[in-house]
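Step one of this worksheet: look at the structure below.
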Amino acid sequence: MNADDPTTPHDLTGTHDPDRFPAGRPLLIRGATVVTMDTGPGTLPGTDVLVTDGTIAAVGPHLSAPHGTAVIEAHGALLIPGFVDTHRHMWQSALRGLGVDWTLTNYIDALGQLLPHFRPQDVYAGNHLGMVEAVADGVTTVVDWSHGCSTPAHADAAVDALMSVPGRARWAYGRIGPDLSWVTDGEVDRIRAARFSADDQLVTMQLALDLPPDLSAADAALSHAAKQALPVTTHAGVFGIVGDAAVAHLARQDALSPSTTLVHAASLSDDSYRRIADSGASLSLSAESELNAGQGYPPTGAARRFGIPLSLSMDTVVWWSGDMFSAMRSTLSAERGLVFLQAHARGEQVSSHDLRAVDVLRYATLGGAEALGLADRIGSITPGKCADLVLLRADTPSMTPVNNPVGHLVFQAGRGDIDTVVVNGRVLKHRGELIGIDLRRARRQAEASRDHLRGAVGEAAWQNLVDPPGATG
Ligand SMILES: [Zn+2]
Numbered sequence: 054m055n056a057d058d059p060t061t062p063h064d065l066t067g068t069h070d071p072d073r074f075p076a077g078r079p080l081l082i083r084g085a086t087v088v089t090m091d092t093g094p095g096t097l098p099g100t101d102v103l104v105t106d107g108t109i110a111a112v113g114p115h116l117s118a119p120h121g122t123a124v125i126e127a128h129g130a131l132l133i134p135g136f137v138d139t140h141r142h143m144w145q146s147a148l149r150g151l152g153v154d155w156t157l158t159n160y161i162d163a164l165g166q167l168l169p170h171f172r173p174q175d176v177y178a179g180n181h182l183g184m185v186e187a188v189a190d191g192v193t194t195v196v197d198w199s200h201g202c203s204t205p206a207h208a209d210a211a212v213d214a215l216m217s218v219p220g221r222a223r224w225a226y227g228r229i230g231p232d233l234s235w236v237t238d239g240e241v242d243r244i245r246a247a248r249f250s251a252d253d254q255l256v257t258m259q260l261a262l263d264l265p266p267d268l269s270a271a272d273a274a275l276s277h278a279a280k281q282a283l284p285v286t287t288h289a290g291v292f293g294i295v296g297d298a299a300v301a302h303l304a305r306q307d308a309l310s311p312s313t314t315l316v317h318a319a320s321l322s323d324d325s326y327r328r329i330a331d332s333g334a335s336l337s338l339s340a341e342s343e344l345n346a347g348q349g350y351p352p353t354g355a356a357r358r359f360g361i362p363l364s365l366s367m368d369t370v371v372w373w374s375g376d377m378f379s380a381m382r383s384t385l386s387a388e389r390g391l392v393f394l395q396a397h398a399r400g401e402q403v404s405s406h407d408l409r410a411v412d413v414l415r416y417a418t419l420g421g422a423e424a425l426g427l428a429d430r431i432g433s434i435t436p437g438k439c440a441d442l443v444l445l446r447a448d449t450p451s452m453t454p455v456n457n458p459v460g461h462l463v464f465q466a467g468r469g470d471i472d473t474v475v476v477n478g479r480v481l482k483h484r485g486e487l488i489g490i491d492l493r494r495a496r497r498q499a500e501a502s503r504d505h506l507r508g509a510v511g512e513a514a515w516q517n518l519v520d521p522p523g524a525t526g
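In my numbering, the protein residues as written are 54 to 526.
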């Protein structure tokens, strides 16, 4: 980049110096177009953001900075709150791209083959790479939907990996299978006391509980979660697997509340959506997942009709990457396409859009923060909140010119435009390069894990996973 170009984000020294951003040093991002996602100020052109002690201290024009502040010149660049992904199975990261041609049926079959071979170090490798990926891609908070924790040692490895990268995460402790006795037998209490005793940690804890076919078999686990005030997330509304009966059961057990995140929530009846709306629970839409794997059509329109809060998620990098720009686009395209399809079938024209770009950007930021009960700390660029920030560079062809900042973020910008990522006031990426994060180590671990899993299932089975039999007509 040319440091003399006033439209280019650059630093005062003009050199890339990792030591320039030590933890605790105040930071001033100067002159950006700040998309605050705060309903009051909205989007502010030519605005400075001052960060001190990990917190957004001030947002405004021409701020003065304390002595020793690191300054990032950002004239013409877009600054947004970090993305929040409310559902990602990070333990699967070493299987990246393996399932591009899978349906949900293929996925379940593949997990049946692979899960028995996952060792604690495989969970660590997946989670570690997943956290590095999240930070690199501007996902400053990610829910690790951690249902690969077959034993306490796997759970410890999952948490170790999340805590090894200074991003923000919510560890959702889970285990695949109908037996939920691990929730009540002391294991949840053990790891909570050992690893999650402070309330200001970057990594916090909740439970990931999928309801077994015998719905009442989940009751003890659900009531333990409620007693311990641990939020619960569950896959709900998945065609052929879990549907309206599960939502009704959760409502009867008083297990739906504003802290509950229902993943997918497709293929449900209006009764279910009404129950969810009444409870204050939110939905995590994974549009790329629902459209490609077949849990059901992304229920964006139904959720909006019933006033259910929404957040976005990537589900698993086994298919697509952890790209929240892609999540926003898929959500918007799926819903707009459906509205057109249904109207045209009635012979009607659609002359204006209900779902707007600003809606999906909100779901990807503040909506996620609200789902996690963290909206007082993250999700918007608001003085007093933690400084979780993403700065997009101004000097790429796709970022020039910017005529509608919010729309630009949704339909024009991409991960390659991310210049700087800040989590809790700490600069973890600048000028497109990670700072203080060992990407090579993360890659080595993930590749070794992939090699182990590939060897364990055998080459013929692995090839069958890469290229499953297609549908024949
Ligand atoms: Zn999932």
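Glycine included, C-beta positions come from ideal geometry on N, C-alpha and C.
Would you mind stating whether residue i and residue j have Cβ atoms separated by less than 9 Å?
i: I560; j: M90; result: For residue 560 there is no data in the structure shown, the boundaries of the chain being 54 and 526.
i: G290; j: L315; result: yes
i: G375; j: D190; result: yes
i: V185; j: L427; result: no
i: L408; j: G347; result: no
i: A163; j: V371; result: yes
i: A410; j: M367; result: no
i: S199; j: H288; result: no
i: D175; j: S502; result: yes
i: L365; j: G437; result: no
i: L391; j: Y350; result: yes
i: A130; j: P79; result: no
i: H317; j: L338; result: yes
i: G360; j: A387; result: no
i: A274; j: V218; result: no
i: G113; j: D101; result: yes
i: D297; j: S332; result: no
i: R223; j: T194; result: yes
Reducing DSSP to helix, strand and coil, say where residue i ends up.
i: I490; result: coil
i: V519; result: helix
i: L315; result: strand
i: W155; result: coil
i: Q174; result: helix
i: V476; result: strand
i: T237; result: helix
i: V455; result: coil
i: Q145; result: helix
i: R83; result: strand
i: R497; result: helix
i: Y326; result: helix
i: I109; result: strand
i: D138; result: strand
i: L462; result: helix
i: D58; result: Confidence is the limiting factor: at D58 the pLDDT is only 41, short of 50, which leaves the residue's position unreliable, though a coordinate-based value still follows. In the structure shown, D58 sits in coil (DSSP, three-state: anything other than H, G, I, E or B).
i: G287; result: Checking the sequence, you will find Thr at residue 287 rather than Gly. Three-state result, T287: strand.
i: I229; result: coil
i: L506; result: helix
i: G99; result: strand
i: L303; result: helix
i: S342; result: helix
i: A279; result: helix
i: I125; result: strand
i: L116; result: coil
i: S332; result: helix
i: L268; result: helix
With a threshold of 16 other CB atoms inside 10 Å of the CB of residue i, please say whether the residue is buried or exposed.
i: K482; result: buried
i: I471; result: buried
i: Q145; result: buried
i: A246; result: exposed
i: P75; result: exposed
i: E512; result: exposed
i: A231; result: Position check: residue 231 holds Pro in this sequence, whereas Ala was assumed. Exposed is the call here.
i: V137; result: buried
i: D412; result: buried
i: P522; result: exposed
i: Q498; result: buried
i: G227; result: buried
i: L394; result: exposed
i: E527; result: Absent from the model: residue 527. The displayed extent of the chain is 54 to 526, so no value can be given.
i: R221; result: buried
i: V463; result: buried
Using a beta-carbon distance below 9 Å, is residue i in contact with chain C?
i: D91; result: Included in the structure is just one protein chain, with no chain C present.
Whether or not the stretch 151 to 164 and the stretch 475 to 482 are in contact is what I'm after, with contact meaning three or more pairs of Cβ atoms, one per stretch, closer than 8 Å; do they touch?
no
Which ranges would you report for the alpha helix (DSSP H) in the stretch 368 to 441 if only whole runs of at least 4 residues count?
377 to 398, 410 to 415, 421 to 424
Hey, is the stretch 241 to 260 in contact with the stretch 273 to 282, meaning 3+ C-beta pairs nearer than 8 Å?
yes
In chain order, what are the residue ranges of uninterrupted beta strand (DSSP E) at least 3 long that sit wholly in the stretch 157 to 224?
192 to 199
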